[in-house]
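Trainee: Going by the numbering used here, the sequence shown opens with residue 338, and the numbers climb by one from there.
From the three backbone atoms N, C-alpha and C, an ideal C-beta is built for every residue, glycine too.
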Amino acid sequence: MTSHQAGLRTASPRGILRIGTTVALPLRRVSVLTALALFVLLVAACVATLSLGRLGIPLADLTGALTGGAEGKNAFVLERLRGPRLVVAIGTGGALGLSGALFQSVTRNPLGSPDVIGLASGAGAGAAITALLFPGTVPVALGALIGAALAMVLVYLSTGTGFRNPARLVIAGIGVAAIGTAVTQYVVYAMERDRASVLTAYVNGSLSARSWGDATTIWLVLLVVAPLTALIARRLDIGEMGDDIAGALGSEPRTTKTIAVLLAIVLSAGAVAVAGPIAFISLTAPQIAKRITRVSGPHLLLAAMTGSLLLVLADLCSQQLPLFDNLPVGIYTMAIGGAYLGWLLVREWRRGVL
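1. Would you kindly work out how many angstroms separate the C-alpha atoms of G406 and G459, rounded to a whole number?
2. Check F471 in the structure and name its three-state DSSP category.
3. For V490, which option in L378, I454, V367, V475 has the closest C-alpha, if you only look at C-alpha atoms?
4. Can you say whether W556 is buried or exposed, counting buried as having 16 or more other CB atoms within 10 angstroms of its CB?
5. Roughly how far, in whole angstroms, is the beta-carbon of L648 from the beta-carbon of I618, given that I think they are within contact range, below 8 Å?
6. Would you be able to state if there are at least three C-beta pairs under 8 Å between the segment 674-688 and the segment 620-640?
7. What does the alpha-carbon distance come out to for the pair L450 and S495?
8. If L600 and T554 are in contact, beta carbons under 8 Å, what's the gap, nearest whole angstrom?
9. Distance cutoff 8 Å, beta carbons only. Does W549 sit that close to anything in chain D?
10. Assuming T621 is part of the alpha helix (DSSP H), what are its boundary residues?
11. In whole angstroms, what separates the C-alpha of V683 from that of I673?
12. Cβ of A509 within 8 Å of Cβ of V520?
13. Counting Cβ pairs closer than 8 Å, one from the segment 478-488 and one from the segment 421-432, do we hit at least three?
14. Considering N411, what are the terminal residues of the alpha helix (DSSP H) in which it resides?
15. Using three-state DSSP, classify A546 as helix, strand or coil.
16. Buried or exposed for R669, please, with buried defined as at least 16 other CB atoms from any protein chain shown within 10 angstroms of its CB.
17. What is the C-beta distance between L456 and A488, in whole angstroms, given that I count them as a contact (C-beta under 8 Å)?
18. Between which two residues does the alpha helix (DSSP H) harbouring L637 extend?
19. With 16 as the cutoff for other CB atoms within 10 Å, does N663 come out buried or exposed?
20. Below 8 Å on the Cβ atoms is my guess for A402 versus N411; work out the distance and round it to an integer in Å.
21. Smallest Cα separation from I615: which of V598, I596, L638, S645?
22. Using the three-state DSSP reduction, which class does R422 fall into: helix, strand or coil?
23. Looking at C-alpha atoms only, which residue of Q657, L544, V414 is the closest neighbour of P395?
24. Alpha carbons only, please: which of V558, L560, G473, E589 is nearest the one belonging to R571?
25. Provide the residue span of the alpha helix (DSSP H) that contains M489, from first to last.
26. Just to confirm, is the Cβ distance from A563 to V524 under 8 Å?
27. Is G550 near the ligand MN - that is, is its Cβ less than 7 Å away from at least one heavy atom of it?
28. Can you list, in chain order, the residues of its chain with a C-beta nearer than 8 Å to that of A743? Leave out the 5 residues immediately preceding and following it.
29. Where does R688 fall in DSSP's three states?
30. In chain order, what residues of the same chain have a beta carbon less than 7 Å from the beta carbon of V367, not counting five sequence neighbours either side?
31. In whole angstroms, what is the alpha-carbon distance linking P635 and E408?
32. Can you give me the C-alpha to C-alpha distance between G667 and V611, rounded to a whole angstrom?
33. According to DSSP, simplified to helix, strand and coil, what is V524?
34. Rounded to the nearest angstrom, what separates A438 and G390 at their Cα positions?
35. Below 8 Å on the Cβ atoms is my guess for A597 versus I569; work out the distance and round it to an integer in Å.
36. My assumption, with CB atoms under 8 Å, is that L536 sits in contact with A468. Please give the rounded CB distance.
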């Protein structure tokens with residue numbers, strides 16, 4: 338047994354939170370404390386989003402506005418301008434963080450995410466083709482969903498084993514992602530300047546002009562999928578010990594992996610539908626959650642909360658930084674992901690892994 342494996346074993350759950358007879362969630366003291374800290378930070382980021390800037394709601398009026406007493410400018414900001422955008426950011430970040438945690442648990446790879454297997458690139462290509470061939474008649478979000486679905490079908494067929502083999506899944510996904518990116522770049526090149534600029538903002542991921550309809554969409558996805566992930570959370574936790582041990586304990590690792598990948602795809606597709614293919618949240622959020630707690634396991638709830646916090650902070654920067662006013666939020670998340678990958682490469686190099 339390696340020292341790393343020993344460390345993971347000593348960090349076993351202190352208890353199990355049981356909901357009925359079918360849901361059993363690992364419960365650790367450090368995870369509870371981390372969840373509380375993330376919640377406090379998320380609330381602070383939400384307050385900053387609503388209150389900062391020329392159009393912000395003054396702190397003295399914010400509580401009253403949130404409890405139904407908003408009038409005039411405050412009502413417009415809360416109900417039309419920043420309120421829907423903030424709710425979409427929380428839901429989308431949570432969906433992406435949860436999706437990434439599922440992928441990384443299944444692949445046992447810190448670089449496993451919907452970005453890697455081509456879902457985001459497929460969505461971008463679908464949005465681009467829709468904007469080029471059906472301008473103003475077919476919603477770009479619908480084209481993105483179709484593109485994401487086709488990309489996943491192509492990955493599924495390319496692996497020869499569906500979603501059961503993580504290594505083949507990643508390899509096939511990289512190829513599909515390259516094709517999707519090429520299609521998107523071609524369409525942007527071929528379109529007129531004004532239409533191309535709008536499309537570019539979407540394929541980079543944007544939260545501008547979000548509506549309560551968008552908020553309803555992403556939260557419905559979360560309300561449907563999150564309980565299903567809770568049902569397999571214990572199996573995923575057991576799966577961290579390897580397929581042989583998981584199989585011996587009756588967790589059916591192949592079935593669990595297939596279900597987890599399908600749920601991750603639905604979460605990512607929902608996020609793409611309302612905000613475009615926002616990069617790197619699904620990659621970085623689960624890793625940040627895991628490194629904070631320093632214990633094994635998929636950390637589904639913490640990954641979702643970290644994803645929400647990262648996206649809300651990125652959108653806050655998009656709205657408030659004067660030098661980059663209204664820059665698509667996906668560009669900020671790319672910067673976060675790039676910084677994380679750079680740190681990870683340096684860390685692995687110093688450890689002698691690379």
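Mentor: The relevant details are as follows:
1. 43 Å
2. coil
3. I454
4. buried
5. 6 Å
6. yes
7. In the sequence under discussion, the amino acid at residue 450 is Ser, which differs from the Leu named in the question. Distance between the alpha carbons of S450 and S495 is about 18 Å.
8. 17 Å between Cβ atoms; not a contact.
9. Among the protein chains of the structure shown there is no chain D, as only one such chain exists.
10. 618-630
11. 16 Å
12. no
13. no
14. 409-413
15. coil
16. Here the sequence assigns Tyr to residue 669, which means Arg is not the residue at that position. It is buried - the Cβ of Y669 has at least 16 other Cβ atoms within 10 Å.
17. 6 Å
18. 637-657
19. exposed
20. 5 Å
21. S645
22. helix
23. V414
24. E589
25. 477-496
26. no
27. This structure simply doesn't include the ligand MN, nor any ligand for that matter.
28. Since the first residue of the chain shown is 338 and the last is 691, residue 743 is not available in this structure.
29. coil
30. T630, V632
31. 44 Å
32. 13 Å
33. helix
34. 34 Å
35. 6 Å
36. 5 Å
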